[in-house]
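Visitor:
Protein chains in written order, with the working numbering: chain A, 1 to 115; chain B, 1001 to 1112.
1. Please return the same chain residues whose Cβ sits closer than 7 Å to the Cβ of residue 53 of chain A, not counting the five positions on each side in sequence.
2. How many Å lie between residue 15 of chain A and residue 63 of chain A at the Cα?
3. Hey, how far is the Cα of residue 6 of chain A from the Cα of residue 31 of chain A?
4. Report yes or no: is there a C-beta of chain A within less than 7 Å of the C-beta of residue 1062 of chain B?
5. My parser needs the beta strand (DSSP E) runs of 3 or more residues fully inside the region 1020–1070 of chain B; what are they?
6. For residue 1039 of chain B, is the classification buried or exposed, using 16 other Cβ atoms within 10 angstroms of its Cβ as the cut-off for buried?
7. Name the residues in the region 49–62 of chain A whose C-beta lies less than 8 Å from a C-beta of chain B; which are they?
8. Quick check: the Cα distance between residue 1092 of chain B and residue 43 of chain A, rounded to an integer number of angstroms?
9. Measure how close the beta-carbons of residue 1095 of chain B and residue 1036 of chain B come, nearest whole angstrom, since I'm counting them as under 8 Å.
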């Protein structure tokens, strides 16, 4: 089954404790992305990756890191989480052909609470 | 810059009512436009898309037409069902960049 998986689905942590949220897709997509969803703000793109070893900042990259060492995986790293990073996080992947982006497939989300 | 503005919610409709959710955009180049739907507790799913001016995207009775002259991509459905209750997001990606931009989402509740 074609899918994007994220782990963990729920996480409660404390300020300053490094954490990683994993994302994996089995569709051989070149493009992968991380978003955060906050009430009244919709989805905002954190980072995206066009392919292995190619990453770029979205609208809200501060406090986050990413890496793309393999095509299928795109982990999101919070080196020193703060309470303002409490949010619902989504990973997504997509293909890009003929100059246009195709459908983004989204993971189920990770609800992060930073105390 | 690029941005998407969609109508504020929440929207509450009776079953079989007509639905319109407005979406306007600002973009460099020639964007592709999307509507995504998010059911409670789930990730987003593509509802429909349009990649050039005057294209009409359609799926599951929903439609939206890419209007370049009014920079709009309004979502419509002629007769909503209770199962359409969800949050709807308008989004774009410009052909001059690789970043996606989403609206703030519009919550729809359909009552029997």
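The beta carbon of each residue, even a glycine, is placed where N, CA and C say it ideally should be.
Guide: Reading off the structure:
1. 68
2. 12 Å
3. 16 Å
4. no
5. Annotation note: the region 1020–1070 of chain B contains the following uninterrupted beta strand (DSSP E) runs of length 3 or greater, listed N- to C-terminal: 1023–1026, 1032–1038, 1044–1050, 1056–1059, 1062–1065.
6. exposed
7. Going along the region 49–62 of chain A in chain order, one finds 50, 56, 58, 59 with a Cβ nearer than 8 Å to chain B.
8. 12 Å
9. With 8 Å as the limit, residue 1095 of chain B and residue 1036 of chain B do not qualify as a contact, their Cβ atoms being about 19 Å apart.
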